[in-house]
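Okay, so the sequence shown: first residue is 16 according to the working numbering, each after it adds one.
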Amino acid sequence: MYVPFENLPEESKIWIYQSNRKFSDAEFSEIETALQFFLEGWAAHGTSLVSSYQLKYNRFIIIAVDQDVQAATGCSIDSSVEFIQSLEQKYAVDLLDKMNVTFKLGEHIAHKPLIDFKKMVKDKAVTENTIVFNNLVNNIEEYNESWEVPAIDSWHSRFF
């Protein structure tokens with residue numbers, strides 16, 4: 016069951032998928048429609064999942080579920096991954112590769128393979144103060160507090 020994102024409690028579980036390229040506004044509009052349709056029918060063991068999403072920067076898909084009402088289970092998580100895979104195929108993008116880093120360069124959002132990001136650190140093209148997207152956050156509270164942070168305040172700090 017889809018609900019507005021702001022209606023979910025802060026301890027709601029989230030999954031963040033980053034695209035290896037920016038979506039067009041038309042693509043993002045289509046994705047939004049598909050997400051709402053998917054979440055309306057998303058269930059675990061026959062019980063609707065109270066869930067929502069956010070789309071950010073024409074690049075990120077954030078899915079959230081209120082685990083206090085009904086926890087997402089293996090099968091329901093699998094169905095969400097299948098949904099994301101269908102978006103990958105339809106839009107020829109990579110949403111599931113966790114070995115990529117997305118970060119801000121001024122107002123621009125850059126996306127690089129981890130090995131290239133490490134080289135940028137070595138070359139001082141990015142610094143400890145570079146804003147990175149910490150997609151390892153687990154819930155809405157962490158998302159609100161620790162998703163867009165200086166690299167030194169995230170798992171990226173190990174490269175400095």
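No residue lacks a Cβ here, since even glycine has one placed at the ideal position from N, Cα and C.
His123 has Leu120 as its beta-bridge partners, per DSSP.
For Lys71, the enclosing beta strand (DSSP E) begins and ends at 66–71. Between the stretch 27–41 and the stretch 152–168, the count of Cβ pairs shorter than 8 Å is three or higher; the stretches touch. In this structure, the straight-line span from the alpha carbon of Lys134 to that of Asn159 is close to 29 Å.
Going by DSSP, Phe43 is part of the alpha helix (DSSP H) stretching over 40–56.
Taking all protein chains shown into account, Trp170 has fewer than 16 neighbouring C-beta atoms within 10 Å of its C-beta and is therefore exposed. The continuous alpha helix (DSSP H) containing Gln100 extends over residues 89–106. In the three-state reduction of the DSSP assignment, Trp30 falls in the strand class.
Taking C-alpha positions only, Asp138 is separated from Phe43 by approximately 34 Å. Taking a contact to require three or more Cβ pairs closer than 8 Å, the stretch 111–127 and the stretch 50–68 do not qualify as touching.
For Ile99 and Asn115, the gap between their C-alpha atoms comes out near 17 Å. Excluding sequence positions up to five before and after Ser95, its CB lies within less than 8 Å of the CB of Trp30, Phe53, Trp57, Ile78, Ala87, all in the same chain and listed in chain order. Each residue's CA atom was taken as its position, placing Lys127 and Tyr106 some 19 Å apart. By the C-beta density criterion, Thr117 is buried, having at least 16 other C-beta atoms within 10 angstroms.
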